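Protein chains: 2
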Amino acid sequence: MKDWLTVQTGIRNGDKRAVARGLTWVEQGTDNGKRLVKSLFGSAGRAHVIGVTGAPGVGKSTLVNALALHLRQKGRYVGILAVDPSSPFSGGAILGDRIRMQDSVMDPGVFMRSLASRGHLGGLSRATFGAVTVLDAAGFDTILIETVGAGQSEVEIMQLAHTTVVVLAPGLGDDIQAIKAGILEIGQVFVVNKADRDGADHTVRSIRGMLTLATEHPDWMPPILKTVAERGEGVAALRETIDGHRQHLETSGIWHQFRRTQSEHVVGQVLEDWLLRHLNEARGWPQWPGWLAAIAEGRLDPERVAESVWHGAPYEED
Amino acid sequence: MKDWLTVQTGIRNGDKRAVARGLTWVEQGTDNGKRLVKSLFGSAGRAHVIGVTGAPGVGKSTLVNALALHLRQKGRYVGILAVDPSSPFSGGAILGDRIRMQDSVMDPGVFMRSLASRGHLGGLSRATFGAVTVLDAAGFDTILIETVGAGQSEVEIMQLAHTTVVVLAPGLGDDIQAIKAGILEIGQVFVVNKADRDGADHTVRSIRGMLTLATEHPDWMPPILKTVAERGEGVAALRETIDGHRQHLETSGIWHQFRRTQSEHVVGQVLEDWLLRHLNEARGWPQWPGWLAAIAEGRLDPERVAESVWHGAPYEED
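Top to bottom, those sequences are chains A and B.
So in my numbering the end of the first sequence lands on 318, straight run, no missing numbers.
So in my numbering the end of the second sequence lands on 636, straight run, no missing numbers.
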């Protein structure tokens, strides 16, 4: 299935093989992938995109799995994207995740994919945006994005989510970590997982204290929930809270605004691609190496070169 | 000192107050900062930019300090940039670093600055590029960029360095961490710090093993050095190795090529700024909200809108 139109049609029909092929194109950043995202964007916009983030060891993946199973029981179609920005070269998470989610491989209502960085920094958040669009257009109504920690890349990726769930666990010193990583600012729902362990209530209290102090939440005060994901405890309540947040987004008009911002995003990606294409063309101009040398030596204003790139034709030397 | 030209002249004269002001503009991403980098770029290009990276706890900062002191003794002018991409909101590292480097505050041949992210992902590597340009143009001939870990942002920042030094320490399980984070691919020099501890030789051997296996180094096989930065041991040898790498870069023509790539970088930044300006203007057009809605509903091709943005004028409706 290499034909672009076949893949596009397949995705619209929810065909898993087509979805898999499309996601590969999107992840690799190929022209086919870009075309696909652009053409599918108008058919997307229905899915609730949920980000799940937290430090390693808090049981994030277990929670995502439990939540996905629960959502399936409710008849929802669930897409899962496991994003690993810490792996710039190897893309190592893929196999592990596949094994972990083996149970759901046979279920047509679940689609799981790992996304790793392919070197370029902005590439991963763009690939994630594209992957969300593909899954959304394929009819997955709930998309979970799982990502580690709260570095810069994660923050950018989490901006793709309507609802961000921050997962912590007792006794990991996570209360302090949370402030440090600025994780409080991005969470709309907080989960203390492994809540059967000592110190769970303490963790809940410190999150609550920090939320009250640190930030203003005029419309939505982030709830703090306790779960034991391994046994599925608290997962139904989490799902209800997440659905409640979607309700809030819709009532307040944020949901609508979010979609507009995404449209702008798509326009921005087209422009970015054009700019890169222009730059690549300029690299083939005979003047190019001389210009770069002249800029390096301070003899030529980079703006003059930039203008030529923008207009797609080398300026005439005086 | 708020006047742009005064700051620019001050930087060229190596005036520390001007450098400090310029770096603040650059870090904040202001128009003044962008103008400054553009105008100083032609006066830069002499400094050797050295990246120092490694996991927390390996003694990276101590090593950077020891290296800086040693370089000063050799009469070199040293700029230090401590980059903390893990801190998207708070910029928390600043005070700590200032205190740490107090000894060198009175020395006009050392300039130390912390850079933290200001929210935007690409912003930090751009700010680092700008800061390097400012320090370089101010006459600092050796610039050390210290950064934590080896996430995506770090990799992008390390691309600004001519020479990347990867620091490890015995007994931290760093050998395995190194592979995982893809750190092997970016290091031109490896340092096992805290080499007076047990297991130092083991760490050296595992790095060597991995280097031999993992990657091809046709021209430069990364040396592995042992240091005890706290006592300054091995620091002179490290400096010689780093100087040797610069020699290699110059002989092989890579140094020259590096500078060309940076010129291209500057042109790219100008283009990016123009694109953003165009987008911001477009947001003020009366058609804009309607267009975004139409894109979201699949009724309008984003390329058509992108074209209007590119040309700086809204297209006419049919």
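We put the beta carbon where it would ideally sit given N, CA and C, even for glycine.
No experiment lies behind these values; they were computed from the predicted model shown.
Taking only three categories from DSSP, how would you classify residue i?
| i | result |
| --- | --- |
| GLY96 (chain A) | A caution first: GLY96 (chain A) carries a pLDDT of 41, below 50, which makes its placement in the model unreliable, though a value can still be read off. Looking at GLY96 (chain A) - three-state DSSP - the assignment turns out to be helix. |
| GLY75 (chain A) | coil |
| ASN65 (chain A) | helix |
| ARG431 (chain B) | strand |
| LEU478 (chain B) | coil |
| GLY268 (chain A) | helix |
| ASP201 (chain A) | helix |
| GLU230 (chain A) | helix |
| PHE41 (chain A) | helix |
| GLY119 (chain A) | With a pLDDT of 49 at GLY119 (chain A), under the threshold of 50, the modelled position of that residue is not reliable, and the figure given next carries that caveat. Here GLY119 (chain A) sits in coil by DSSP. |
| PHE447 (chain B) | helix |
| GLY369 (chain B) | strand |
| GLU634 (chain B) | coil |
| VAL7 (chain A) | helix |
| VAL155 (chain A) | helix |
| GLU615 (chain B) | coil |
| SER408 (chain B) | For SER408 (chain B), the predicted structure reports a pLDDT of 35, less than 50, and the residue's modelled location is therefore unreliable. A value from the coordinates is still provided. Here SER408 (chain B) sits in coil by DSSP. |
| THR24 (chain A) | helix |
| ALA82 (chain A) | strand |
| VAL58 (chain A) | coil |
Give the straight-line distance between the Cα atoms of residue i and residue j, rounded to the nearest whole angstrom.
| i | j | result |
| --- | --- | --- |
| PHE129 (chain A) | ASP333 (chain B) | 45 Å |
| VAL553 (chain B) | ALA384 (chain B) | 7 Å |
| GLU548 (chain B) | LEU556 (chain B) | 14 Å |
| ASN350 (chain B) | ARG364 (chain B) | 23 Å |
| LEU249 (chain A) | ILE50 (chain A) | 13 Å |
| THR451 (chain B) | LEU341 (chain B) | 10 Å |
| GLY253 (chain A) | HIS48 (chain A) | 15 Å |
| PRO314 (chain A) | ARG283 (chain A) | 11 Å |
| SER405 (chain B) | GLU474 (chain B) | Below a pLDDT of 50, predicted positions are generally treated as unreliable, and SER405 (chain B), at 46, falls in that range; the measurement from the model is reported next regardless. Going by the C-alpha atoms only, they are around 16 Å apart. |
| THR164 (chain A) | PRO426 (chain B) | 47 Å |
| THR380 (chain B) | TRP628 (chain B) | 49 Å |
| GLN326 (chain B) | THR251 (chain A) | 51 Å |
| VAL484 (chain B) | SER361 (chain B) | 29 Å |
| ASP136 (chain A) | VAL52 (chain A) | 17 Å |
| PHE111 (chain A) | LEU399 (chain B) | 44 Å |
| SER114 (chain A) | GLU27 (chain A) | 10 Å |
| GLY441 (chain B) | ILE613 (chain B) | 28 Å |
| GLY10 (chain A) | GLY187 (chain A) | 35 Å |
| GLU264 (chain A) | ALA138 (chain A) | 22 Å |
| GLY393 (chain B) | ALA487 (chain B) | 29 Å |
| HIS596 (chain B) | HIS202 (chain A) | 50 Å |
| GLU634 (chain B) | ILE145 (chain A) | 39 Å |
| SER206 (chain A) | GLY199 (chain A) | 11 Å |
| GLU272 (chain A) | GLU303 (chain A) | 18 Å |
| ALA68 (chain A) | ASP243 (chain A) | 14 Å |
| PRO223 (chain A) | VAL267 (chain A) | 35 Å |
| THR6 (chain A) | LYS34 (chain A) | 15 Å |
| GLU503 (chain B) | ALA373 (chain B) | 15 Å |
| LEU300 (chain A) | ARG335 (chain B) | 28 Å |
| ALA411 (chain B) | ILE143 (chain A) | Confidence at ALA411 (chain B) is low in this model, with a pLDDT of 40, below 50, so the placement of that residue should be treated as unreliable; the coordinate-derived value is given next. Going by the C-alpha atoms only, they are around 35 Å apart. |
Going along chain A in order, which residues have a C-beta closer than 7 Å to the C-beta of residue i?
| i | result |
| --- | --- |
| GLY586 (chain B) | LEU279 |
| LEU610 (chain B) | ARG260, SER263, GLU264 |
| VAL627 (chain B) | VAL267, LEU271 |
| GLY616 (chain B) | GLY42, SER43 |
Starting from residue i, find everything on chain A with Cβ-Cβ shorter than 8 Å and list it in chain order.
| i | result |
| --- | --- |
| GLU621 (chain B) | LYS38, VAL270 |
List the residues of chain B that residue i touches, going by C-beta distances under 8 Å, in chain order.
| i | result |
| --- | --- |
| GLY187 (chain A) | Within 8 Å Cβ-Cβ: nothing; GLY187 (chain A) doesn't reach chain B, min ~13 Å. |
| TRP274 (chain A) | ALA624, TRP628 |
| ILE323 (chain A) | Summary: the structure shown does not reach residue 323 (chain A), with chain A confined to residues 1 through 318, and so no result is reported for it. |
Any heavy atom of the ligand HEM within a distance shorter than 7 Å of the CB on residue i?
| i | result |
| --- | --- |
| PHE111 (chain A) | As presented, the structure is devoid of all ligands, the ligand HEM included, so that no description of it is given. |
Mind pulling the alpha helix (DSSP H) runs of 4 or more residues that sit fully within the stretch 558-582 of chain B?
Fully enclosed alpha helix (DSSP H) runs of 4 or longer: not present.
Tell me which residues of the stretch 195-222 of chain A have at least one Cβ-Cβ distance to chain B shorter than 8 Å, keeping chain order.
Taking 8 Å as the upper bound on Cβ-Cβ separation, chain B lies near no residue of the stretch 195-222 of chain A.
What are the residues in the stretch 21-46 of chain A lying within 8 Å of chain B by C-beta distance?
Listed in sequence order: LYS38, PHE41, GLY42, SER43, GLY45.
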